[in-house]
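Okay, so here's the structure we're looking at.
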Amino acid sequence: MPILEGQDVTKYFGGLAAVSHVDFYIDQGEILGLIGPNGAGKTTLFNLISAAFPISSGEIRFKGHKLNGLKPHQICKMGVSRTFQETKVFANMPVLQNVLVGAFFGTPTRISGEDAAREATQALEFVELSAMSATPVKDLTLVNQKRVEVARALATKPEVLLLDELMAGLNSAEISEAMELVNRIRDTGITIFVVEHVMKAIMGICGRIMVLHHGEKIAEGTPQEIATNKQVIEIYLGEEAHAGS
Amino acid sequence: MDITGFISTHKKLLLVVFLVLLVVFLATVPLYGGIYNVRVLTAALTMVILAVSWAMFSGTTGYMSLAPAAFFGLGIYTMCVLEKQLPFLVIVVIGGLVAFAFALLVGLVTLRLKGIYFAIFTFGLVVFMSELINYLEVAIRQAHGWHITPLDNTMLFHTMLGLAVVTVLAIYFIRRSRYGLAMMSIGGNEEAAEHMGIHTTRVKVFTFAISSMFMGAAGVITAPILIYINSNIAFSFYYSFMPILMAVFGGMGQLYGPIVGAVVFTYLERLVRNQFPNYFMIGFGIILVVVIMFLPNGITGLVPMLQGKLSGVIARLRKGGEAEPHANT
Numbered sequence: 010m011p012i013l014e015g016q017d018v019t020k021y022f023g024g025l026a027a028v029s030h031v032d033f034y035i036d037q038g039e040i041l042g043l044i045g046p047n048g049a050g051k052t053t054l055f056n057l058i059s060a061a062f063p064i065s066s067g068e069i070r071f072k073g074h075k076l077n078g079l080k081p082h083q084i085c086k087m088g089v090s091r092t093f094q095e096t097k098v099f100a101n102m103p104v105l106q107n108v109l110v111g112a113f114f115g116t117p118t119r120i121s122g123e124d125a126a127r128e129a130t131q132a133l134e135f136v137e138l139s140a141m142s143a144t145p146v147k148d149l150t151l152v153n154q155k156r157v158e159v160a161r162a163l164a165t166k167p168e169v170l171l172l173d174e175l176m177a178g179l180n181s182a183e184i185s186e187a188m189e190l191v192n193r194i195r196d197t198g199i200t201i202f203v204v205e206h207v208m209k210a211i212m213g214i215c216g217r218i219m220v221l222h223h224g225e226k227i228a229e230g231t232p233q234e235i236a237t238n239k240q241v242i243e244i245y246l247g248e249e250a251h252a253g254s
Numbered sequence: 004m005d006i007t008g009f010i011s012t013h014k015k016l017l018l019v020v021f022l023v024l025l026v027v028f029l030a031t032v033p034l035y036g037g038i039y040n041v042r043v044l045t046a047a048l049t050m051v052i053l054a055v056s057w058a059m060f061s062g063t064t065g066y067m068s069l070a071p072a073a074f075f076g077l078g079i080y081t082m083c084v085l086e087k088q089l090p091f092l093v094i095v096v097i098g099g100l101v102a103f104a105f106a107l108l109v110g111l112v113t114l115r116l117k118g119i120y121f122a123i124f125t126f127g128l129v130v131f132m133s134e135l136i137n138y139l140e141v142a143i144r145q146a147h148g149w150h151i152t153p154l155d156n157t158m159l160f161h162t163m164l165g166l167a168v169v170t171v172l173a174i175y176f177i178r179r180s181r182y183g184l185a186m187m188s189i190g191g192n193e194e195a196a197e198h199m200g201i202h203t204t205r206v207k208v209f210t211f212a213i214s215s216m217f218m219g220a221a222g223v224i225t226a227p228i229l230i231y232i233n234s235n236i237a238f239s240f241y242y243s244f245m246p247i248l249m250a251v252f253g254g255m256g257q258l259y260g261p262i263v264g265a266v267v268f269t270y271l272e273r274l275v276r277n278q279f280p281n282y283f284m285i286g287f288g289i290i291l292v293v294v295i296m297f298l299p300n301g302i303t304g305l306v307p308m309l310q311g312k313l314s315g316v317i318a319r320l321r322k323g324g325e326a327e328p329h330a331n332t
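The listed protein sequences correspond, in order, to chains B and Z. Read in our numbering, the first sequence has 112 at position 103, and its numbers run on one by one without any break. Read in our numbering, the second sequence has 43 at position 40, and its numbers run on one by one without any break.
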C-alpha cells in the first residue's frame, strides 16, 4: 500500500480547474518528483495534500486514512509536513525557536520542553545550522532560511515530507548541497515529495517523476522515461531546450 | 565577598525579592500616601492590567484589538447589575468570567478576520456594546445610568493591586508556556504556524478570552470609583486607546514594557492635565509621535540600546587610553 495516494484529485478556483482529476501515489521511502510549467498546479496539489485549501472532489489518503476535511495542523500531526515555495519563517524569532515550534506542536503526543529542545537541536544539526541557532531568522540568507524551514518540518517527525521548490534561487554549489540534504533525509526513512524547477536536481534525486500541465497529469515515470517523453519535451523541456539553443 | 559576582549569579532571586518588596511597598502606600496618591495609583494599576493584557494578545499575535473598552465596560456593568446581590470579590471574579465568555464568543466569530478587518470589527464592537446596553437599559429598567455605592478607596486600591499581581504573574507564565510560543509564531507567520501543527483558531480564541478576562475584572473594581455610570462612560474609547498607547509607549518586547508604559503614562497624563488642562492632548500627541518615530521598541527598548552605546563608548575610551602611550613613543 502506498504511504500517500490521491485519487481523482480536483481543485477548482472559480471556474478554473487548477488541479484536474489527478491520481498519484508515493511508496514508503521513495523520492517522487513533481514538475510542470508555471501555473501547472504543482503547489496547488501540495496545498491540497497539506489541507491549506479544501479539495473540490476526489480523495487523498495517508496510510489508508482519508485526509479530506482535515485541517493543516491535523495533517502535520498525522505525519505529513511541508516547506513553502516562498519561505514562510518566523522572521523575528531565533533559528532554534523556529524549529522548536515544529518540535512542540507538530507531533500527535504532548512533548516536554526538554524533549522539544533536544529534537530541535538535532534537527538543526541535521541541516548543519547549529552555529546560527541564536540568530534571528530574518538575518539569514535565503538558502539558510530554506534550511530552517526544512529543520522545522523535520522537527515535527514527519513520515512524508513535501518540499516545495527547495532549490529555487540557489546557486549551483548550494543546489548540490541541497540535493545531498534531500538524500540524507530520505536515508532516515522519510518519504519525500518534491516540486522542483531545477532539472539537474530533479533528475538526480528522484526515483520517479510526475508531470503536470494545466492541472492534468500528462506523464509519469523514471527520470529517463520523462527525459525522453515526447509530450513532456514539447510542452516543458522543449521550451528550455529551445531557450538554451 | 564579590558583590557583582553575587548579583550576576543570583539575578533571578534578587529580581523576585525586589518585586515582592515593591508589591509590599505599594500595599502600604495608603498608610502614609494620602488619598490622592492612592487614587492615582489605582488608576495606574488599572492601566497596567489593561496594557499588559492587551499586549499579551495583540502584541504577540499581531491581531490589533481595539476592544479593551468593550470587555472593561462589560465588567463595569456586571458590577452595576450585581452590586446589591453579591459580595464585591465574587463580582470581580464573575466580571472576569463574563468578559471571558463574551470574548470566546466574539473570538470564534471574528478571529478569522485578518489584519485591519479585525481591528475595525473590534472598534465597532465597543460602539455596538455601548448602544446595545443603552437600549437594554431603557427597555428593561426604563432608566438611564446607574449610581453605585462608593466603596473604600483603600480597599479598592488593594483589590486592584491584587488583580494586577495576578494578571502579571499569569501573563508571565503564559508568555513562557507553549501558548506563548504558539502566539509568537502566529504573529510571525500564521499560515506556517498552522502547518506546523498549531491549532491557530483555538490558540487565538483562548488567549484573546484570557486577556479579556483580566480587563473585565478590572472593570468591576473601577465601577465604584466612577460612582455614576452610563453606557457612554463605561464603554468609553479612552479605555481602548490608552492601554494601547501605553503598551506601545512602554515597548512590547518584554513583559515589563507595558507595565512601565502604563505607570509612566498615567503620571505623565496627570501632570500634563493639571498644568495644561486644555492642551494636554496636544502634548500627548507630540510625546507619542516622538516615541513611535525614534523608539520603535518603546521606552524600555532604550535600555538595551543605551547599554550598547555605553559599552561602545567605554571600549573607545579604553582604546584611546591604550593608543596614547604609543603616540608618545
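For every residue, glycine included, the Cβ atom is placed at its ideal position computed from N, Cα and C. Here the structure is a predicted model, which means the values were calculated and not measured.
Within-7 Å CB hit, residue i to chain B
| i | result |
| --- | --- |
| residue 308 (chain Z) | no |
| residue 194 (chain Z) | yes |
| residue 272 (chain Z) | no |
| residue 224 (chain Z) | no |
| residue 13 (chain Z) | no |
| residue 165 (chain Z) | no |
| residue 245 (chain Z) | no |
| residue 205 (chain Z) | no |
| residue 2 (chain Z) | Lying outside 4 to 332, the shown extent of chain Z, residue 2 (chain Z) is not represented and no answer is given. |
| residue 197 (chain Z) | yes |
| residue 177 (chain Z) | no |
Nearest-angstrom beta carbon gap, residue j and residue i [assumed within contact, 8 Å]
| i | j | result |
| --- | --- | --- |
| residue 89 (chain B) | residue 58 (chain B) | 7 Å |
| residue 72 (chain Z) | residue 215 (chain Z) | Between residue 215 (chain Z) and residue 72 (chain Z) the Cβ distance is about 11 Å, and since that is not below 8 Å, they are no contact. |
| residue 264 (chain Z) | residue 302 (chain Z) | 7 Å |
| residue 43 (chain B) | residue 202 (chain B) | 7 Å |
| residue 131 (chain Z) | residue 170 (chain Z) | Contact doesn't hold; Cβ gap of about 26 Å is too wide. |
| residue 169 (chain B) | residue 13 (chain B) | 5 Å |
| residue 238 (chain Z) | residue 68 (chain Z) | That belief does not hold up - the Cβ atoms of residue 238 (chain Z) and residue 68 (chain Z) are roughly 15 Å apart, past 8 Å. |
Buried versus exposed, by CB contacts within 10 Å (16 or more), residue i
| i | result |
| --- | --- |
| residue 107 (chain B) | buried |
| residue 173 (chain B) | buried |
| residue 154 (chain B) | buried |
| residue 182 (chain Z) | buried |
| residue 147 (chain Z) | exposed |
| residue 335 (chain Z) | Nothing can be reported for residue 335 (chain Z): it is not among the residues displayed for chain Z, which extend from 4 to 332. |
| residue 220 (chain B) | buried |
| residue 237 (chain B) | exposed |
| residue 251 (chain B) | With a pLDDT of 49 at residue 251 (chain B), under the threshold of 50, the modelled position of this residue cannot be trusted; read the value that follows with caution. Classification for residue 251 (chain B): exposed. |
Assigned secondary structure, residue i (DSSP; H/G/I helix, E/B strand, else coil)
| i | result |
| --- | --- |
| residue 154 (chain B) | helix |
| residue 103 (chain B) | strand |
| residue 195 (chain B) | helix |
| residue 241 (chain B) | helix |
| residue 254 (chain B) | With a pLDDT of 39 at residue 254 (chain B), under the threshold of 50, the modelled position of this residue cannot be trusted, and the question is left open. |
| residue 66 (chain B) | strand |
| residue 161 (chain Z) | helix |
| residue 97 (chain B) | coil |
| residue 215 (chain Z) | helix |
| residue 128 (chain B) | helix |
| residue 90 (chain B) | strand |
| residue 242 (chain Z) | helix |
| residue 202 (chain Z) | coil |
| residue 235 (chain B) | helix |
| residue 256 (chain Z) | coil |
| residue 283 (chain Z) | helix |
| residue 14 (chain B) | strand |
| residue 21 (chain B) | strand |
| residue 32 (chain B) | strand |
| residue 227 (chain B) | strand |
| residue 145 (chain B) | strand |
| residue 60 (chain B) | coil |
Closer than 7 Å to chain Z by CB, residue i
| i | result |
| --- | --- |
| residue 48 (chain B) | no |
| residue 22 (chain B) | no |
| residue 42 (chain B) | no |
| residue 165 (chain B) | yes |
| residue 59 (chain B) | yes |
| residue 63 (chain B) | no |
| residue 232 (chain B) | no |
| residue 86 (chain B) | yes |
Bridge-paired residues (DSSP) for residue i
| i | result |
| --- | --- |
| residue 173 (chain B) | B:204 |
| residue 217 (chain B) | B:41 |
| residue 149 (chain Z) | Z:232 |
| residue 75 (chain B) | B:70 |
Residue i: CB within 6 Å of a non-hydrogen atom of the ligand SAH
| i | result |
| --- | --- |
| residue 229 (chain Z) | Within the structure as shown, the ligand SAH is missing, as the structure has no ligands at all. |
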